[in-house]
Every structure is written in C-alpha cells, then in structure tokens.
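Take a look at the structure below.
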Amino acid sequence: MPRRPAIQPVVNEAPKPELFLSRELAALEFNFRVLAQARDPSTPVLERLRFLSIVASNLDEFFEVRVAMLKHHHQFGSAAPGPDGIASGELLAHIRERVLDLVGAQYATWHDELGPALAAENIHFLTRKQWTARQRRWLQGYFENEVLPVLSPLGLDPAHPFPRILNKTLNIAVVLQGRDAFGHEGHMALVRAPRSLPRIIRIPDEVGGTGDHYVFLAELLQAFVDTMFPGFKVAGSYQFRVTRNSELIVEEEVDNLARALTEELLGRGYARPVRLEIGSDCPQSIVSMLISNFQLEETDVYRCNGPVNIIRVGTVYDDIDRPDLKFPRFTPAIPPALLGAKRIFDVLSQRDILLHHPYESFTAVVDLLREAVQDPDVLAIKQTLYRAGKDTPLVDLLVEAARKGKDVTVVIELRARFDEEANIRFATRLQEAGVQVVYGVVGFKTHAKMMLIVRRENGHLRRYSHLSTGNYHQANSRLYTDIGLMTADPEIGEDLHKVFQQLSGLGPMISLKRLLHSPFTLYNSIIEKIAREATHARNGRPARIVAKLNALNEGRVIEALYAAAQAGVDIDLIVRGACTLRPGLPGVSERIRVRSIVGRFLEHSRVYWFANDGQPEIYCASADWMERNLMRRIEIAFPIIDPQLAKRVYDETLANYLADNTQAWLLDSDGHYERATPGAHAPYTAQQVLLERLSGLNAST
Numbered sequence: 004m005p006r007r008p009a010i011q012p013v014v015n016e017a018p019k020p021e022l023f024l025s026r027e028l029a030a031l032e033f034n035f036r037v038l039a040q041a042r043d044p045s046t047p048v049l050e051r052l053r054f055l056s057i058v059a060s061n062l063d064e065f066f067e068v069r070v071a072m073l074k075h076h077h078q079f080g081s082a083a084p085g086p087d088g089i090a091s092g093e094l095l096a097h098i099r100e101r102v103l104d105l106v107g108a109q110y111a112t113w114h115d116e117l118g119p120a121l122a123a124e125n126i127h128f129l130t131r132k133q134w135t136a137r138q139r140r141w142l143q144g145y146f147e148n149e150v151l152p153v154l155s156p157l158g159l160d161p162a163h164p165f166p167r168i169l170n171k172t173l174n175i176a177v178v179l180q181g182r183d184a185f186g187h188e189g190h191m192a193l194v195r196a197p198r199s200l201p202r203i204i205r206i207p208d209e210v211g212g213t214g215d216h217y218v219f220l221a222e223l224l225q226a227f228v229d230t231m232f233p234g235f236k237v238a239g240s241y242q243f244r245v246t247r248n249s250e251l252i253v254e255e256e257v258d259n260l261a262r263a264l265t266e267e268l269l270g271r272g273y274a275r276p277v278r279l280e281i282g283s284d285c286p287q288s289i290v291s292m293l294i295s296n297f298q299l300e301e302t303d304v305y306r307c308n309g310p311v312n313i314i315r316v317g318t319v320y321d322d323i324d325r326p327d328l329k330f331p332r333f334t335p336a337i338p339p340a341l342l343g344a345k346r347i348f349d350v351l352s353q354r355d356i357l358l359h360h361p362y363e364s365f366t367a368v369v370d371l372l373r374e375a376v377q378d379p380d381v382l383a384i385k386q387t388l389y390r391a392g393k394d395t396p397l398v399d400l401l402v403e404a405a406r407k408g409k410d411v412t413v414v415i416e417l418r419a420r421f422d423e424e425a426n427i428r429f430a431t432r433l434q435e436a437g438v439q440v441v442y443g444v445v446g447f448k449t450h451a452k453m454m455l456i457v458r459r460e461n462g463h464l465r466r467y468s469h470l471s472t473g474n475y476h477q478a479n480s481r482l483y484t485d486i487g488l489m490t491a492d493p494e495i496g497e498d499l500h501k502v503f504q505q506l507s508g509l510g511p512m513i514s515l516k517r518l519l520h521s522p523f524t525l526y527n528s529i530i531e532k533i534a535r536e537a538t539h540a541r542n543g544r545p546a547r548i549v550a551k552l553n554a555l556n557e558g559r560v561i562e563a564l565y566a567a568a569q570a571g572v573d574i575d576l577i578v579r580g581a582c583t584l585r586p587g588l589p590g591v592s593e594r595i596r597v598r599s600i601v602g603r604f605l606e607h608s609r610v611y612w613f614a615n616d617g618q619p620e621i622y623c624a625s626a627d628w629m630e631r632n633l634m635r636r637i638e639i640a641f642p643i644i645d646p647q648l649a650k651r652v653y654d655e656t657l658a659n660y661l662a663d664n665t666q667a668w669l670l671d672s673d674g675h676y677e678r679a680t681p682g683a684h685a686p687y688t689a690q691q692v693l694l695e696r697l698s699g700l701n702a703s704t
C-alpha cells in the first residue's frame, strides 16, 4: 500500500480566523443564490420550478454530508475549528439559523410566487381543499386501486415498536381514536410511502379539465388515510421526512474495497438521523415522539409550510410539454475543426481541439473513443471514470474494445459520492469483459478526468489524450459548463502514461513535464505561481491572477492570495459555490474581487490564469482550490499550449464571466452577496453570449 505523500505547506504561520469565512455557511449561501433564480420572474416558470427543486436537493446533501459529519465530530469532541475559528457548537447554531431562513424563503416562494405564476399558465398543484367532486372521485379510485394495495400501515404499541424509516422517504404520522379488534384504545400509526409509488400524481385531462393538474402523494395519503384504518376516527395526520448521515466511511485497511463499499451501502439508508422535516401543522406532542424515536433534538426539527418533499416538484419538468415555459432549446455545436473530418485522429495529428461544454457537443469525446475501438492500429485505451451516468455509451465502447483484444485499463472511483452503486456495477461489467479495472488509491479519490489512447503509426507508437474539467457524463455535459482538450502533444501523452502507470501499478513519485498533479505538485505549484505574481508586482512588472473555480477554502492558498494582493497583484476570482476568502478587507484584500455566476447551466469548469510578466500561463483542471482537492485527491491540471486556444479559454471562461452584469453575484468582506445590475450599461449575460456564439440556439432570450 503506497504511503501518503508528504505535502509541505509553504506558509507555516497559524491562520488568522478574522481573515476567513465559514466553509459551511458559505456553502449555504450558494443556495440562496439558486433560490433567487426560482424567484426571478424573467426566468421561464418551469425553469423556476426546477431551481426550487435544486435548492431542496442541495439542502438534502448539505445535511447528509456536511451537517452529519459536523454533528458526528461535535458529539465526540473531535471537531476542531476550521480556519474561521468558529467552534462546532456555535457553527451548528449558525447553520440552523440560516437554514430556517432558507426553508422559510423556499416555501414562501412556492406559495406566494411560483404557485400563482404556474396557475397563470394553467399548471396547478392541488391541495385537498381545491379538489372538485369529480377530481376527488378519480383520486379516490386511484388511491384504492394503485396506492392502497402496496401500503402497509403500522400501528404503534409495545408489540409494534417504531419502525426503521429509510432516508429521505415520505411518511405520515396518524393519530387514531377508538378501540381496535383486540380491545386496545386509540393509538399512533405510521404510513410509509413505498419508493415504488410516484410522489406526484397527474390527474387525467378528462378529469382535471383544461391545463395540467397535479397532486402530491402526501395529499392523497392524508385525504384517504381513514380508509387504511377502518373502525377508527383519524384525529390527525402529519407528513414527515427524516434525513440521515450518508457519508460512507470505509476503513483504509480493507482486503477488497468493492466488497467493503457494497456492505456499507446496505446500511446507508438507515444511518444516524440528522434532520427531521415535518408539516407545520403537526402538534408538538407528535414532534416530541418522533424526536425521541429518532434520537434527535428540537434544533434538528424543520417545520415545512407545504409538502415535506418539495424536491419532487422538479419531476414535472419533463412531463409538461411547454417549450414556451422553458429555456430555449439549443443544439450543442460540433467543433469547427471536426466538421467534415473523416477521422478525429487525422485532425489531432495536426492540431489540438478544444471543447467547451455544453455549448459544444460531448459527442466528439464519444466519437474519439468509438474511433479508437474500431481502429485496428489502436493498441491500448486508458480512462478514468468518476461519474458516468446511467446510460453512458462509454462503458459499452470500453467493453467492446476489450473484446476486440485491445489492452483496456479503467480507473473507476468507487467512492464517488452517491454514485457508488453505479460505479460498482460498471466495474463488475468491465471486469467480466476482460478490462483491467483499478479502484484508484486507498485514501485518495481519483477525481482526474483523463483518457489516453495508444496507436501505432508508421512503425511508431503515438499517444492521443483527452483531458477535462468535468466528468465523462453525457447528460451532465448538457447541463454543466466544462472545458475539454483533445491533443496529440507527446509530452502531455507521456505525462498521462506515467499517471496511469502510477495509479495501476502503485508506483513511486513521478516527474511530469506538462501536467500539474495532485496530491504531489499541484498544490505547491499554485502557491509558487501566486508568489511569482507577487514578485512581479513588487518589481513593477505586469501581474494579475484570474481563476474560475467551484469552491475556494484552502487556507494556505487564500493566505498566498492575500499576500499577492498586498504586493500589488490584481486578483479576480469567479467562484460558483463556497468561498471562504474575504475580499475587500482594508490593507489585506482590497485588490481581490470575488463573483459567483448562477444561471441556466451549472458552472463547473476550473481555469487558472497567471499574467506572468506578459507571458501568461493558463491551466484547466479537475481541481478546485480546496483542501480535499489539493491534498487528498488524484487531480490533474493541464496547460492550454496552443496560443489561439489559450486566448479562447481566457476570453470565454474568464473575461466573458467578468463582464457579466445580470447573473453575477458580488461577494463582500462580510460574506454577503449582492446581485450585479447592468446600471447604465447594456445587460450582459455570459452564458447567453456563449449560447449565441458557439451553439445552435433556436431562440434568443
């Protein structure tokens, strides 16, 4: 088993808490920016519905991972304060306060803004009080024929103890009055909604009338709950949902990582609870009973003024065929260099190809792999898979390549959060086809996105590479912004070969010519390049840093940025999510500006640009400037060597986003975000500019 690399921090002084924002609170703030999209009347209404669902999904993961781990460490006294210096107990209190604000705003948006906006478009989510007699008859029939047969209501008494409740499932607590067949007086009961039941039911047009009419399953269960308990009077019924710790912790000393993960996954749905969501009308006595059974505290309870599983509203997006209520459709473009080309290998032998997703098609990556599979001169294919999606064609192609006798190696990261089961299935299928499957390195997630193809040409071997800031996930490539590079550069190919050798053979430290490699050279290289800009500034030479990231929280990198700013370096950071750096602090970070872009697509590309005294360097990477990416993951940052492509990356991913004055949010030194406004200038939306410039957009917004 390889030893952990010793990473020496460049700066040794203890961080000053007043210079850092809280990572957890910064992550929460991102959801307020997403919620603003759901509240924006200029956004198509079905897209607003989708943004509301995204907020709920993000909040689920926040509790499942961040809050769960924080509570765990706090309980056992092992929660050391982060760079911000906030103790775990105080931080949990701050989190609750902010989540209450978010939940309140979420349901206010649902009732006061989205509901009326949807109704204006004849899309209705009906409560029991709104059902017509005809709708009620149909829903009762649906309940009796489709729902009731799969339900197993459970009365609670000493012989029927409180059951295990699966993570994030819909449940109804029922208060009953009367005497059962065995002489027992009224009691509590639970109705657990099986996962096989749809959470939102569409009423047929001939019943619902003109427009689209939907009912939450919870409304249906509560409306007809008395049917499940004949002979009793239902005194009350209340929705609830419990969120559990979903972070898998697999010991490093295991004989078989796949087997160990499989066993861990079996228990994930019933891990320790961390949050209880319950209807706002639920009496305190019922809440106290649930708290007791889940071993939670009152501060873990969040009352919902509406459906506890509001995340489900996003499912109707695909059900409603109303293009006028969605973002205009677009067709991802084929890169001009590939138009009319018979073989991608012939193009790559002459020039590099840049892919900017989702504006340009991910199909080019699939076509490259397909071409490699069919080409008899291709001897070997090596690829990493972190998240690939359910219906990816890539696994089929890799299987086919192995069956054609090519040497195929796939590094699958089994510990990709919430994709563990899918990745285990992919690994099993690939192994059965004869692919050499590697599970990465124990203790270090393989997060790098890279593919290497070895081809025999004119008696010599030549390497073709694909590197990306995003996953090999075709569906996400239409939703996430990412940069991909296809190249036949021999030094990049040699570097990739060494990285794959290290991953599969657990080899020693390697020296790379072009790539920056975490957890070995990437961290110190970033620190050194920031320090180099500071030196240039002190010597009166051109110095500037522009970086686009998903998140920024690594303390030493932040301190290096502060030092560079104080030396005179102008720094622009485009950070989509959590940023713990405080911009605009007098005498510390006055030259640092931080903005977040939240729009139609999830900003996912990572780009680092350094002015370097008139000889700029630009890297695209799989890594954010976070402690986990720089210290505990296998990551790759790759340079854009071709001057024209380098300029294009700068223009499209950096300058373009710095010019955005409609979807940008500006961070102040207190951690608050203010949305940018055009003012006297013409509105400029970075994503829209790229849609119109690069893709086939059917209609302009």
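In our numbering, the protein residues as written are 4 to 704.
From the three backbone atoms N, C-alpha and C, an ideal C-beta is built for every residue, glycine too.
Contact check between the segment 107-118 and the segment 48-55: three or more CB pairs, one atom from each, fall below 8 Å, which counts as touching. Taking all protein chains in view, the Cβ of Leu22 is crowded by 16 or more other Cβ atoms within 10 Å, so the residue is classified as buried.
In the structure shown, Asn461 adopts coil according to DSSP, grouped into three states. Look at Arg247 here: in three-state DSSP terms it is strand. DSSP places Ala375 in the uninterrupted alpha helix (DSSP H) bounded by 366-377. The beta carbon of His520 is closer than 7 Å to those of Val502, Ile639 in its chain, skipping five residues each way along the sequence. Per DSSP, the unbroken alpha helix (DSSP H) holding Met292 starts and ends at 287-297.
Within its own chain, the residues whose Cβ lies closer than 6 Å to the Cβ of Val549, once the five positions on either side in sequence are excluded, are Asp575, Trp612, Leu657, listed in chain order. Within its own chain, the residues whose Cβ lies closer than 7 Å to the Cβ of Asn34, once the five positions on either side in sequence are excluded, are Val58, Asn61, Leu62, Leu105, listed in chain order.
Counting along the chain, no beta strand (DSSP E) covers Lys393, and no H or E run does either. For Trp628, DSSP records a beta bridge to Leu555.
Per the coordinates, the alpha-carbon of Trp141 lies some 54 Å from the alpha-carbon of Leu470.
The segment 164-183 and the segment 81-101 do not touch, with fewer than 3 CB-CB distances between them shorter than 8 Å. Arg635 and Val444 have their C-alpha atoms some 10 Å from each other.
Boundaries of the alpha helix (DSSP H) around Gln504: 493-508. Within its own chain, the residues whose Cβ lies closer than 7 Å to the Cβ of Ala478, once the five positions on either side in sequence are excluded, are Gly392, listed in chain order. At a Cβ-Cβ threshold of 7 Å, Arg26 and Asn556 count as neighbours. Excluding its 5 nearest sequence neighbours in each direction, Ile561 has C-beta neighbours in its own chain below 6 Å: Leu584, listed in chain order.
The DSSP-derived three-state label of Ser599 is strand. The C-beta separation of Pro522 from Leu388 comes to about 20 Å, leaving the pair out of contact by the 8 Å criterion.
Here the C-alpha atom of Ser249 lies approximately 10 Å from the C-alpha atom of Val277.
Partner residues in the beta bridge of Leu584, as assigned by DSSP, are Phe23. Leu506 is positioned such that its CB atom lies closer than 7 Å to that of Val441. The alpha-carbon separation between Asn148 and Lys132 amounts to approximately 22 Å.
Per DSSP, the unbroken beta strand (DSSP E) holding Leu358 starts and ends at 356-360. Remark: C-beta atoms of Met454 and Ile356 do not approach each other more closely than 7 Å. For Glu147, the three-state secondary structure derived from DSSP is helix.
The C-alpha of Arg275 is placed about 18 Å away from the C-alpha of Pro164. DSSP, read as helix, strand or coil, puts Phe219 in strand. C-alpha of Gly92 to C-alpha of Gly107: approximately 23 Å in a straight line. Around the beta carbon of His450, 16 or more other beta carbons lie within 10 angstroms, which makes this residue buried. If you look at Ala192, you'll find it in the beta strand (DSSP E) that goes 191-195.
Counting the other Cβ atoms within 10 Å of the Cβ of Asp208 gives fewer than 16, which makes it exposed. In chain order, Glu32, Arg36, Ser599, Trp668, Leu669, Leu670 place their CB closer than 7 Å to the CB of Tyr676, counting only its own chain and leaving out the 5 sequence neighbours on each side. Beta-bridge analysis with DSSP links Thr490 to Ser468. A Cβ-Cβ contact shorter than 7 Å links Ile486 with His359.
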